[in-house]
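So the sequence shown is numbered by my numbering: it starts at -12 and just counts up by one.
Glycine included, each C-beta is placed from N, C-alpha and C at the ideal position.
Here is the structure we will look at, set down as structure tokens.
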Amino acid sequence: MQTPLTSTKASVGLGLRRGLMKDLQAAPLGDFDFLEVAPENWIGIGGAHGAALRALAERYPLSCHGFFLSLGRPAPVAIGVP
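Below, the structure written as structure tokens:
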């Protein structure tokens, strides 16, 4: 028995870096589909960078992943941010 093939739209995302904020804000819609965010890099960020993050989150979906939770490794889950 064969499994039917299904097609999904490929997406392109960019990693959100503070040094790219102005370029990302100026980018035309459609140049990329989502932004990848590491929450540890943005926790507690306010001011101009925080406002820019909020504005970009209104324009693009965010794909978040953490660096330190350690899911899927043989050691116990690491709680807290180092």
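| Boundaries (first-last residue) of the beta strand (DSSP E) holding Leu40 | As a working mapping, residue 40 is identified with position 53 in the sequence shown. That residue, Leu40, is in no beta strand (DSSP E); its alpha helix (DSSP H) goes Gly34 to Arg46.
| query | For Phe19, which residues of its own chain have a beta-carbon under 8 Å away from its beta-carbon, when the five flanking residues on both sides are left out? | reply | For the purposes of this step, residue 19 is identified with residue 32 of the sequence shown, where counting begins at 1. Cβ neighbours of Phe19 beyond the five flanking positions: Val(-1), Gly0, Leu1 and Tyr47.
| field | Leu11 - containing alpha helix (DSSP H), residue span | value | Here residue 11 is taken as the residue at index 24 of the sequence shown, counted from 1. Start and end: Met8 to Ala13.
| Within this structure, are the beta carbons of Leu3 and Glu23 separated by less than 8 Å? | Sequence index remark: in the sequence shown, residue 3 carries index 16 (1-based). Sequence index remark: in the sequence shown, residue 23 carries index 36 (1-based). Yes, Cβ-Cβ distance for Leu3 and Glu23 is below 8 Å.
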